[in-house]
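Inspection log for the structure reproduced underneath, given as structure tokens.
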Ligand SMILES: Cc1cc2nc3c(=O)[nH]c(=O)nc-3n(C[C@H](O)[C@H](O)[C@H](O)COP(=O)(O)OP(=O)(O)OC[C@H]3O[C@@H](n4cnc5c(N)ncnc54)[C@H](O)[C@@H]3O)c2cc1C
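Numbering (the working numbering), first residue to last: 6 to 356.
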């Protein structure tokens, strides 16, 4: 079947974005191989169609109408790259796994945990696909993508070639990367992750520490950490299947130690974590909560009642409504704390 025959026209993406906004793609194609991806891009270029790449739609704010061709990466497969290296008897420190960009992130975490490989167990239950994980350098409870990516394979639109970006080439920073900085330039088809046979035993996050205290577990193993993260996340975050959301809507702002010291005098309860030397990361949810936004509903959208960092869509709304709410929240946090909040999800399409 030719690419033209496989394309779906005026395709609804309402169930393909976790906010549940109504959205239609002019053309849509789920690609299952790199060859199919190249053919789809050739077709788009010959027909003057913009190319947009979508994963699980859990970090995007969709426009109602999306012109051009929306490509979803459905390239599957996960395996240990060097079979022998996985053998504990060889006392190896690390194991490389190669994963297709279309694989579900959480299932990949579960798969690695089942093999007692450490490095991604606290990133359990983050929605979305493996190909999107490097884009915003996903992270949770102390683990981040940047700590486990060995290399990323991607199609570069500018050169029309597949390239391999090693960890240092990816420009990873807090919820940021070269892929996020140059939207639409790289289409990630495969990721090689370097995991450890030994787990990092320090549990730094209060929510996990108290979970283990309650369970009477003093030295949790990888599987127990994975289960704890799943339980804590389920209790705190809304399930997108039941209530539209895109997870944390704002990044935690990073400020200088001097700014922090001044704020702390005025707001003794200020919640913050040490960042790089001389900087502090503020809990954006706490700032929003202090401005009395938690649980507020404005039309079809609102602020989640249990976590002020999560904006929700009750149905029937659109991203204009959500962006207006986000802008009001940003304005009140700026007025109260002189701190700017930056949005985490990306506009789709990005221009
Ligand atoms: C309930 C909930 C909880 C969340 N918790 C967390 C969390 O704890 N930590 C965290 O970091 N994030 C979290 N997120 C955000 C989100 O899950 C992640 O950013 C995830 O990696 C997005 O994956 P996706 O496949 O859904 O990407 P999408 O939303 O489809 O796309 C996101 C961006 O990546 C681009 N993209 C997608 N696939 C590719 C590809 N193959 N190649 C190149 N670019 C691509 C898209 O164009 C878009 O710009 C959460 C979201 C929700 C809804």
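Just so you know, even glycine gets a beta-carbon here, dropped at the ideal spot from N, CA and C.
Give me whichever residues DSSP pairs with residue 32 in a beta bridge.
Beta-bridge pairing links residue 32 to 14 and 74.
Presumed contact (8 Å Cβ cut-off) between residue 181 and residue 142, rounded CB distance:
By a beta-carbon distance limit of 8 Å, residue 181 contacts residue 142. Their separation comes to about 6 Å.
Taking Cβ to Cβ, would you say residue 317 is nearer than 7 Å to residue 257?
No, the pair does not count as a contact, with Cβ atoms beyond the cut-off.
Could you tell me which whole beta strand (DSSP E) segments of length 3 or greater appear in the region 123-211?
Fully contained in the region 123-211 are the following beta strand (DSSP E) runs of length 3 or more, in chain order: 154-161, 166-171 and 191-201.
Spatial distance of residue 130 from residue 31 (CA atoms)
Put simply, the backbone Cα of residue 130 is about 31 Å away from that of residue 31.
Going by beta-carbon coordinates alone, are residue 118 and residue 227 separated by less than 7 Å?
Judged by beta-carbon spacing, residue 227 lies within the 7 Å limit of residue 118, meaning their Cβ atoms are closer than that value.
In angstroms, rounded to a whole number, what distance separates the CA positions of residue 269 and residue 122?
Between residue 269 and residue 122, the C-alpha separation is close to 40 Å.
Could you check if residue 59 belongs to the surroundings of ligand 1, using beta carbon to heavy atom distance under 6 Å?
The answer is yes for residue 59.
For the candidate residues 194, 168 and 285, whose alpha-carbon lies nearest to that of residue 83?
The residue with the shortest Cα to Cα distance from residue 83 is 194.
In chain order, what residues of the same chain have a beta carbon less than 7 Å from the beta carbon of residue 25, not counting five sequence neighbours either side?
Cβ neighbours of residue 25 beyond the five flanking positions: 19, 249, 318 and 320.
Would you call the region 345-352 and the region 50-67 in contact, with 3 or more CB pairs under 8 Å?
Enough Cβ pairs lie closer than 8 Å, so yes.
Three-pair Cβ contact test at 8 Å for the region 318-338 versus the region 296-304:
Taking one beta carbon from each stretch, the region 318-338 and the region 296-304 have 3 or more pairs nearer than 8 Å; the two touch.
Cβ shell of residue 356 (< 6 Å), same chain only, five flanking positions each side left out
Excluding five sequence positions before and after residue 356, none of the CB atoms of its chain fall closer than 6 Å to its own CB.
Are three or more beta carbon pairs between the region 231-250 and the region 208-216 nearer than 8 Å?
With a cut-off of 8 Å, the region 208-216 and the region 231-250 count as touching, because enough Cβ pairs lie within range.
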